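Asker: This is the structure, below, for whatever I ask next.
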Amino acid sequence: MSTIRNVGIVGAGQMGCGIAHVCAVAGYKVQIYDLSAERIEAGLATIHGNLARQVASGKMTDEDRKNALARISGSADINDLSQADLVVEAATEDETVKRKIYGNVCPVLKADAILATNTSSLSITRLASATDRPERFMGIHFMNPVPVMKLVELVRGIATEEDTFATAKQFVATLDKTVTVAEDFPAFIVNRILLPMINEAIYTLYEGVGTVDAIDTAMRLGANHPMGPLQLADFIGLDTCLSIMQVLYEGLADSKYRPCPLLVKYVEAGWLGRKSGRGFYDYRGEVPVPTR
Ligand SMILES: NC(=O)c1ccc[n+]([C@@H]2O[C@H](COP(=O)([O-])OP(=O)(O)OC[C@H]3O[C@@H](n4cnc5c(N)ncnc54)[C@H](O)[C@@H]3O)[C@@H](O)[C@H]2O)c1
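At position 81 of the sequence shown the residue is numbered 81 (UniProt numbering), and the sequence of numbers has no breaks.
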């Protein structure tokens with residue numbers, strides 16, 4: 001098994017920051033890369049806030065918080081990933097974007113560095129083919145919010161070698177997460193099951209079966225889900241939900257995965273959920289307000 005000390009993260013969005021957070025708390029040195037200094041600053045501010053909340057709720061000492069923060073650096077220069085033993089790519093769920101990133105990041109990496117993707121749905125084997133190291137490439141799929149959620153799905157591509165898989169498994173264990181292994185099928189296990197349910201909730205809204213509040217209340221109290229499916233969609237990001245449904249629809253060639261037209265329209269409008277301030281709820285006030 002290879003030794004991981006330095007972790008690189010591509011993408012300072014909600015997932016990249018969450019992964020950086022748990023890696024730093026576990027003692028890894030973390031280097032975050034994104035397109036601009038502003039995005040990195042915003043990401044680092046989120047990590048600061050989340051670590052402070054963990055201290056306030058008694059889950060972490062202030063000294064551990066300071067030590068974790070001291071282990072995280074950010075830069076918009078991709079060359080700063082050169083020391084990474086493992087890079088986790090957590091950029092936008094778009095195959096073209098990810099392929100372009102691999103083209104830029106691979107020449108910078110150490111020859112034996114592992115490159116992993118946090119993709120929610122895309123083919124690991126196909127993404128691996130855009131790298132110079134398919135045998136050192138695999139899916140390490142964290143759940144949102146990363147500091148809270150216990151599960152990590154591990155997905156091998158056809159060329160992933162055993163050392164890569166074993167190293168990733170050991171790495172995830174050091175983050176105090178539980179591994180589940182999925183085969184390389186569209187959306188793997190969690191999102192293959194979860195996203196069609198969310199899409200169906202959006203159809204339920206679209207067809208006027210219930211309001212946003214009625215649908216979310218029904219699933220919270222009637223199915224004992226901790227959060228309603230529309231609230232969860234806003235939390236995941238509606239652009240990410242749409243991308244996953246498109247991957248399921250195209251990858252499995254089955255009309256039951258057709259993305260709801262209302263989801264498409266919301267994404268076209270730039271209503272992406274919490275991260276854009278509006279989705280099925282409006283987040284601009286003190287409390288989220290249902291929009292339909
Ligand atoms: N949101 C979820 O609940 C969730 C859960 C598990 C996995 N994922 C996956 O994690 C990944 C990221 O999702 P997210 O929710 O953090 O998205 P996000 O929109 O919050 O963040 C994406 C980040 O990628 C950056 N980015 C885009 N192009 C880039 C490039 N060329 N180089 C560097 N950075 C670039 C963006 O600037 C942004 O900061 C996606 O693959 C998504 O499917 C998301």
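Ideal Cβ positions, reconstructed from N, Cα and C, are used throughout, including at glycine.
Since the model is a prediction, treat every value here as computed from it, not as a measurement.
1) Just list the alpha helix (DSSP H) runs in the segment 3-73, keeping only unbroken ones of 4 residues or longer that don't cross its boundaries, in chain order.
2) For M245, does the three-state DSSP call read helix, strand or coil?
3) So for V105, helix, strand or coil by DSSP?
4) With distance defined between alpha-carbon atoms, name the residue in G13, A68, K29 and K59 nearest to A37.
5) Any chance the CB of T240 is under 7 Å from a heavy atom of ligand 1?
6) Looking at the unbroken alpha helix (DSSP H) that takes in F188, where does it start and where does it end?
7) Whose CA, out of V181, M60 and P145, lies closest to the CA of M138?
8) Which same chain residues, not among the five before or five after K275, have their C-beta less than 6 Å away from its C-beta?
9) So the beta strand (DSSP E) M138 belongs to, where does it begin and stop?
10) D254 by DSSP, collapsed to three states: which one?
11) Count Cβ pairs between the segment 93-102 and the segment 16-23 that sit closer than 8 Å; are there 3 or more?
12) Is M15 a contact residue of ligand 1, with contact defined as CB to any heavy atom under 7 Å?
13) Report whether the distance from the Cβ of A12 to the nearest heavy atom of ligand 2 is below 7 Å.
14) Applying the 10 Å Cβ sphere with the 16-neighbour rule, what's the burial state of V148?
15) Between V108 and V212, what straight-line distance do the alpha-carbon atoms span, to the nearest angstrom?
16) Count the other CB atoms, across all protein chains shown, that sit within 10 Å of the CB of T164; report buried if there are 16 or more and exposed otherwise.
17) For G210 versus A223, is the C-beta distance shorter than 8 Å?
18) What number of angstroms, rounded off, separates the C-alpha of V264 from the C-alpha of K66?
19) To the nearest angstrom, report how far apart F280 and Q231 are at their CA atoms.
20) Specify the secondary structure class of S75 as computed by DSSP and reduced to three states.
21) Looking at the structure shown, is T119 part of a helix, part of a strand, or coil, going by DSSP?
22) In the segment 149-230, which residue ranges form an unbroken beta strand (DSSP E) of at least 3 residues, counting only runs that do not cross its ends?
23) Is it the case that the CB of S120 approaches a heavy atom of ligand 1 more closely than 7 Å?
24) If you run the structure through DSSP and keep just helix, strand and coil, what is P134?
25) On the premise that A187 lies in contact with L248, defined as a C-beta separation below 8 Å, what is that separation, rounded to the nearest angstrom?
26) Could you pull the start and end residues of the alpha helix (DSSP H) that E268 belongs to?
27) Can you tell me whether V287 is buried or exposed, with buried defined as 16 or more other CB within 10 angstroms of its CB?
Answerer: So, from the listed chains and residues:
1) Runs of the alpha helix (DSSP H) inside the segment 3-73: 14-25, 37-56 and 62-70.
2) Residue state for M245 is assigned as helix, using DSSP reduced to three classes.
3) Here V105 sits in helix by DSSP.
4) Selection G13, A68, K29 and K59 evaluated against A37 yields G13 as nearest (Cα-Cα).
5) In this structure, T240 has its CB closer than 7 Å to one or more heavy atoms of ligand 1.
6) Segment: none, F188 is in no alpha helix (DSSP H) and carries neither H nor E.
7) Looking at the Cα atoms, V181 is the closest of the given residues.
8) Counting only residues of its own chain and dropping the five nearest sequence neighbours on each side, K275 has a CB closer than 6 Å to the CB of G237.
9) From DSSP, the beta strand (DSSP E) with M138 extends over F137 to F142.
10) In this structure, D254 counts as coil in the three-state DSSP scheme.
11) Proximity of the segment 93-102 to the segment 16-23 falls short of the contact definition, fewer than three beta-carbon pairs being nearer than 8 Å.
12) Yes, ligand 1 has a heavy atom inside 7 Å of this Cβ.
13) Among the ligands in the structure shown, ligand 2 does not appear; only ligand 1 can be found there.
14) Counting Cβ neighbours within 10 Å, V148 comes out exposed, since fewer than 16 surround it.
15) Each residue's alpha carbon lies about 47 Å from the other.
16) So T164 counts as buried.
17) Result no, Cβ atoms of G210 and A223 do not sit closer than 8 Å.
18) Put simply, the backbone Cα of V264 is about 42 Å away from that of K66.
19) The alpha-carbon atoms of F280 and Q231 are separated by roughly 7 Å.
20) Three-state result, S75: strand.
21) Shown here, T119 sits in coil according to DSSP, grouped into three states, outside any helix or strand.
22) If only uninterrupted beta strand (DSSP E) runs of at least 3 residues are considered, those enclosed by the segment 149-230 are 151-156 and 178-182.
23) Result yes, Cβ under 7 Å from ligand 1.
24) P134 sits in a helix when the DSSP states are folded into three classes.
25) Between the beta-carbon of L248 and that of A187 there is about 5 Å, and that keeps the pair under the 8 Å contact cut.
26) Annotation: the continuous alpha helix (DSSP H) that includes E268 extends over P261 to E268.
27) So V287 counts as exposed.
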